[in-house]
Every structure is written in structure tokens, then in C-alpha cells.
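Trainee:
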Ligand SMILES: Cc1ncc(COP(=O)(O)O)c(C=O)c1O
């Protein structure tokens, strides 16, 4: 059986680049294969769309680009030139942000920090988004005054988190903040939730507003509420196609003659009593709500206990600045990865393996199966077939797709395979230099006068800086 296709959503600028086969060939010739391509123009468009939502519903807002999503210097430079802020989660990210042109007052350090990171943040004079009481005490003991946000967690109805100060531990935090108010300048409260659920974020905001009230009772004057990241991406061009594939995959878990999975992989599903149960690991690829729509929904949501007023309105009425830390939403569809077919072979189970010159971890975030199809650029005559894409590591598990992918024609050695939408975590979160394979080059693609210009990522400079 040939599996159903799951076509990837591709930004028009990226589609135009892929349609220009000379440009694709030029990228591979000049920078080698595999290669990661980033599109700063798409990043700029994503940013403009989020800004438009904020301008309408929460004008006192600050966007902090979550640098951790991609190591790209071009994205960081684009964000700096656009006048937004940045969220850095390590000392190297802090150095990269400074090099990209962010001034200290537009940098916040997030995530769990060790002694060296805290020292680096203090030296640079950036805002520290404090993860825990140890960090707060360490900052209080330092000689330098520092602006801080307190990251909190433990909201009713939210999953337990390893990050943030639990609401139940706020007693100790108040004590430190009030005793060291000369050094700890409390800007406000922060959270980051790993969920798409608006209701959960609304509950977290409501808890943070209570903390703002408590802070005033302690004589502190916070003015910021930071809602973290978590805005979604659009991966799938056709949600019905995603559903068809998911259904076929589940059917194949029950009936071995229709199997689409490799080995014992069940993608988070489990089979019991002749049925498939559970949720798949790849559920995020089914999302159909854009990041701007998700943000608009959150800002318009009525906040319980505030007379039914919209969340954005309540923040404005309370003179609170809204900060957000989007990572994946800003780089959505702003990156692709090109690889080359080395050879095609048949495995003992009859499966067709298309071997590429990159490994699974180069295009897969945290080893979650990607449920959108790679795009094959080949001149082979159409003859649809289901294949597995295999990686170049000498490991059984280095299958880039652990599921059969429909290709319209079987590619051959030298053909190009495109992995769509790889900029958010897919390229940089798990990639290792196993077997001494070098890291793929990262290259910015710029559209100019009907064609495309390629520029090594580190050398990219945005043309216009937009102060804001
Ligand atoms: C504190 C914090 N802020 C922002 C982000 C970015 O999240 P996203 O890429 O989902 O927008 C993360 C991601 O892990 C995070 O931990």
C-alpha cells in the first residue's frame, strides 16, 4: 500500500526559492550538502503579524525573541534590527545577543542558570528572569543592583514543572525581595507553559495578577507580566491529509499487512485489546491555529474576577506591560534543510530505504517523529511509492523517518530532498557531531530583484534597522 501524503506548509518565499532549481543547486554547490537555509524575510513577516495583534489588543507589549529556538546569527540580527528584545538561555546566547546588537536593556536571561551564567548576566547588566530561590539569593548577595522577573509555576490545573518558583514557596521569595530591595529591582512576574491551551494561560495570568497585588502590599512596584513562549507553528498544508495519514498509521499498527511504521515504533500510541490507544508524539504537526490567532484569542479571553474584561484590557488598565518570549512562532516556516540522496536500497522486510547524507538529529527536535513529508526534487518519472528516509550514521536508529513517506517518484543518487520548516528546534536542539560528521553550514537566503542571494548566516546584516 502506498501511504497517503502529508504535504508540508511552505511559505511563498521559500516555495519561490525551491521552484528556482538553479538557486537550489547553487546553494548546494557553494555550501555543500546537507545545508540549513534560513529566511530572515519570513522571520520579519512573522514578527510583523504578532506585532499587529499586540498593537490592537495590548499596545504596551515587548516581544523577546527566544534565541534558543535556533543558533542563527541572521535571525538574532533581524530581531535586534527590528528593535525587539531577546531571551537568552545560556552565556553563549548572551554573547551572541550582544554581538547581534541588542543593548543590555533589551536582553533578559531565562532558564535555569549556574553561577557562571548569573555572573555573566550581572556583568552585562541584563534583566534576570529568576528560576528559583537559589538564584534569587545569589543575586541578592551580589554587590550589583539587578532588574529581576520572578518566574513562577504551580498554577492550578497546570502540569507540574521543574522550572520556576512554586506558588507555595512565594513566602521565602517575598522575604528576600523585601530585605534586598536596594539590589533586587522587581520588574514583575513570568511564566512559560508548554501548552497550547488558552484557558491554562488565562489561569496563570490571573495568578500572576494576584502576585502583583501581593507585591504592592509588600511595598514593591512590579510593572511587567511575562507570559513566555508557546505560540504554535503551522506545519501542515492540509489538515485533512494529516488526519488521513494518522488514520492509516494507526490501522497499520493493528494490521501488519498495512504497516507504515518501522520496527516496533508506535509513536506514542499503544495497542491493547485489538485497538490503538493514546496520543501520538507528533500531535503538534496537526495544528491549524496560527500564532497570531492564538495570541489574539489569549488577549481577548475574559479574565475571571475582572468583570469579564479581556485579558489585554485588564493588563492595560493595571498599567502592566505584557512581555512574551516567542521562539518557534517567529521562525515558523523560516528555515529549510537540503540534503542529497546517496543511494537507494531494499531492506530485508521489503522496505525501500532512501539514504541521505545527514542524520535524523539534524532535522528532528528531541527525537519526535516529524509528521510532514520531506519534499523530493527529482526528474524521475512519476510512480508513487512509500519509502523510509535513512540517515548516514552507522546506527540502526538513524532512520530520519521511522514511518513510510509517500514520494511521487523514487529519487536516485544526487537528487535533493528538502526538509520543510526546520528552523524551530529541529536543526539545533539535538544535533550531534556523531562519527565526526561536520555540522551542516547555515546560510541566509535573501530575495533580490527576482532572484536569490545567499549569505553565510554569520555574515548576514539586515538592510534596514527599524527602531522601536
Ligand atoms: C522560558 C522560555 N521562554 C520561551 C521559550 C520559547 O518557547 P516557544 O519556542 O515555544 O515559543 C521557551 C522554550 O523552551 C522557554 O523555556
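Numbering (UniProt numbering), first residue to last: 1 to 468.
A virtual CB, placed ideally from N, CA and C, is assigned to each residue, including glycine.
#1: In whole angstroms, what separates the C-alpha of residue 191 from that of residue 157?
#2: Do residue 295 and residue 53 have their CB atoms nearer than 8 Å?
#3: Indicate whether the contact test is met: 3 or more Cβ pairs, each with one atom in the stretch 191–210 and one in the stretch 297–311, closer than 8 Å.
#4: With residue 27 and residue 14 assumed to form a contact (beta carbons below 8 Å), what rounded beta-carbon distance in angstroms separates them?
#5: Determine the direct distance from the alpha carbon of residue 60 to that of residue 401, and round the result to whole angstroms.
#6: Grab me the residues of residue 114's own chain with a C-beta within less than 6 Å of its C-beta, minus the 5 sequence neighbours each way, in chain order.
#7: Is the Cβ-Cβ distance between residue 374 and residue 408 less than 8 Å?
#8: Can you list, in chain order, the residues of its chain with a C-beta nearer than 7 Å to that of residue 33? Leave out the 5 residues immediately preceding and following it.
#9: Can you tell me which residues form a DSSP beta bridge with residue 71?
#10: From what residue to what residue does the beta strand (DSSP E) around residue 389 run?
#11: With distances taken between CB atoms, is the gap from residue 469 to residue 399 smaller than 8 Å?
#12: Only counting runs of 3 or more residues, tell me where the beta strand (DSSP E) segments fall wholly within the stretch 224–254, in order along the chain.
#13: Tell me which residues share the same chain as residue 278 and place their Cβ nearer than 7 Å to its Cβ, disregarding the 5 neighbours each side in the sequence.
#14: Let's test the definition: count the other Cβ atoms within 10 Å of the Cβ of residue 72 and tell me whether it reaches 16, buried, or not, exposed.
#15: Given this structure, state the Cα-to-Cα distance separating residue 428 from residue 76, to the nearest angstrom.
#16: What do you reckon, are the CB atoms on residue 121 and residue 100 nearer than 8 Å?
#17: Hey, would you say the C-beta of residue 325 is under 7 Å away from at least one heavy atom of ligand 1?
#18: Say the cut is 7 Å; is the CB of residue 10 nearer than that to a heavy atom of ligand 1?
#19: Quick one: what's got a C-beta closer than 6 Å to residue 468's C-beta in the same chain, skipping five residues either side?
#20: Taking 8 Å as the CB-CB cut-off, is residue 425 touching chain D?
#21: For residue 128, which of 159, 203, 107 has the nearest alpha-carbon?
#22: When every heavy atom of ligand 1 is checked, does at least one fall within less than 7 Å of the C-beta of residue 370?
#23: Tell me whether residue 240 counts as near ligand 1, meaning its Cβ is closer than 7 Å to at least one heavy atom of that ligand.
#24: As a quick exercise: from 223, 130, 353, 444, pick the residue whose alpha carbon is nearest that of residue 153.
#25: On a CA-only basis, which of 405, 417, 363 is nearest residue 342? Give me that one, please.
#26: Measure the Cβ-Cβ separation of residue 320 and residue 430 and say whether it is below 8 Å.
#27: Just verifying my parser: in three-state terms, what is the DSSP assignment at residue 446?
#28: With a threshold of 6 Å on Cβ separation, who are the neighbours of residue 174 within its own chain once the five nearest residues in sequence on each side are excluded?
#29: Quickly, what does DSSP pair residue 343 with across the bridge? List them, please.
#30: Alpha carbon to alpha carbon, what distance is there between residue 188 and residue 327?
#31: If you compare alpha carbons, which of 48, 43, 50, 57 is closest to residue 69?
#32: Pop quiz: residue 6 and residue 371 are said to be a contact at Cβ under 8 Å. What is the actual Cβ separation, rounded to whole angstroms?
#33: Rounding to the nearest angstrom, what Cα-Cα distance links residue 3 and residue 406 in this structure?
#34: Give me, in chain order, the residues of the same chain whose beta-carbon lies closer than 7 Å to that of residue 290; leave out the 5 immediate sequence neighbours on both sides.
#35: When DSSP labels each residue in this structure, what does residue 43 get in the three-state scheme?
#36: Looking at the structure shown, is residue 165 part of a helix, part of a strand, or coil, going by DSSP?
Mentor: Let me lay it out:
#1: Counting from 1 along the chain shown, the entry for residue 191 is found at position 191. Counting from 1 along the chain shown, the entry for residue 157 is found at position 157. When rounded, the distance between both Cα atoms is 14 Å.
#2: By 1-based counting over the chain shown, the position of residue 295 is 295. By 1-based counting over the chain shown, the position of residue 53 is 53. Contact flag set, yes.
#3: yes
#4: Working through the chain shown from its first residue, we reach residue 27 at position 27. Working through the chain shown from its first residue, we reach residue 14 at position 14. Wrong, their Cβ atoms sit about 12 Å apart, outside the cutoff.
#5: One-based indexing of the chain shown puts residue 401 at position 401. One-based indexing of the chain shown puts residue 60 at position 60. So the alpha carbons of these two residues sit roughly 44 Å apart.
#6: The residue given as residue 114 occupies position 114 in the chain shown. Excluding sequence neighbours, residue 114 sits near nothing in its chain.
#7: If you number the chain shown from 1, residue 374 lands on position 374. If you number the chain shown from 1, residue 408 lands on position 408. Result no, Cβ atoms of residue 374 and residue 408 do not sit closer than 8 Å.
#8: Position 33 of the chain shown, counting from 1, holds the residue named residue 33. Excluding sequence neighbours, residue 33 sits near 338, 339, 340, 357.
#9: Translated into positions along the chain shown, residue 71 becomes position 71. Answer is none; residue 71 lacks a bridge partner.
#10: By 1-based counting over the chain shown, the position of residue 389 is 389. From DSSP, the beta strand (DSSP E) with residue 389 extends over 385–390.
#11: Because the chain is modelled from 1 through 468, residue 469 falls outside the range shown and cannot be assessed.
#12: 224–226
#13: If you number the chain shown from 1, residue 278 lands on position 278. Result list for residue 278: 268, 269, 270, in chain order.
#14: Here residue 72 refers to the residue found at position 72 when the chain shown is read from its first residue. When all chains shown are included, residue 72 counts as buried.
#15: On the chain shown, residue 428 is found 428 positions in, with the first residue counted as 1. On the chain shown, residue 76 is found 76 positions in, with the first residue counted as 1. Distance between the alpha carbons of residue 428 and residue 76: 14 Å.
#16: Here residue 121 corresponds to residue number 121 of the chain shown, with the count starting at 1. Here residue 100 corresponds to residue number 100 of the chain shown, with the count starting at 1. Cβ atoms of residue 121 and residue 100: not closer than 8 Å.
#17: What you label residue 325 is simply residue 325 of the chain shown in a count that begins at 1. Yes, the beta carbon of residue 325 sits closer than 7 Å to at least one heavy atom of ligand 1.
#18: For the purposes of this step, residue 10 is taken as residue 10 along the chain shown, with counting starting at 1. No, the Cβ of residue 10 stays beyond 7 Å of every heavy atom of ligand 1.
#19: As a first step, residue 468 must be located in the chain shown, where it is residue number 468. At residue 468, the pLDDT of 41 sits below 50, so the modelled position is not reliable; the number obtained from the coordinates is stated separately. Cβ within range, chain order: 83.
#20: As a matter of chain content, chain D is missing from the structure shown, which is built from one protein chain.
#21: By 1-based counting over the chain shown, the position of residue 128 is 128. Measuring from the Cα of residue 128, the nearest candidate turns out to be 107.
#22: Locating residue 370 in the chain shown gives position 370, counting from the first residue. It does not: the Cβ of residue 370 is nowhere closer than 7 Å to a heavy atom of ligand 1.
#23: As a working mapping, residue 240 is identified with position 240 in the chain shown. Checking the Cβ of residue 240 against ligand 1 gives no.
#24: Position 153 of the chain shown, counted from the first residue, corresponds to residue 153. For the residues 223, 130, 353, 444, the minimum Cα distance to residue 153 belongs to 130.
#25: Here the question's residue 342 lines up with position 342 in the chain shown. Ranking 405, 417, 363 by Cα distance to residue 342 puts 417 first.
#26: Position 320 of the chain shown, counting from 1, holds the residue named residue 320. Position 430 of the chain shown, counting from 1, holds the residue named residue 430. Not a contact, by the Cβ cut-off of 8 Å.
#27: Start at 1 with the first residue of the chain shown, and residue 446 comes out as number 446. Strand, per DSSP.
#28: Mapped onto the chain shown, residue 174 falls at position 174. Same-chain partners within the cutoff: 218.
#29: As a working note, residue 343 is residue 343 in the chain shown. DSSP output for residue 343 lists 355 as bridge partner(s).
#30: For the purposes of this step, residue 327 is identified with residue 327 of the chain shown, where counting begins at 1. For the purposes of this step, residue 188 is identified with residue 188 of the chain shown, where counting begins at 1. Their backbone Cα atoms lie some 21 Å apart in a straight line.
#31: Start at 1 with the first residue of the chain shown, and residue 69 comes out as number 69. Of the listed residues, the one whose Cα sits closest to residue 69 is 43.
#32: Sequence index remark: in the chain shown, residue 6 carries index 6 (1-based). Sequence index remark: in the chain shown, residue 371 carries index 371 (1-based). Confirmed, about 6 Å.
#33: Position 3 of the chain shown holds residue 3. Position 406 of the chain shown holds residue 406. Rounded to whole angstroms, residue 3 to residue 406 spans 5 Å at the Cα level.
#34: Position 290 of the chain shown, counting from 1, holds the residue named residue 290. Hits under 7 Å: 234.
#35: For this step, residue 43 is matched to residue 43 along the chain shown. It is helical.
#36: Taking the chain shown and counting its residues from 1, one reaches residue 165 at position 165. If DSSP states are grouped into helix, strand and coil, residue 165 belongs with the strands.
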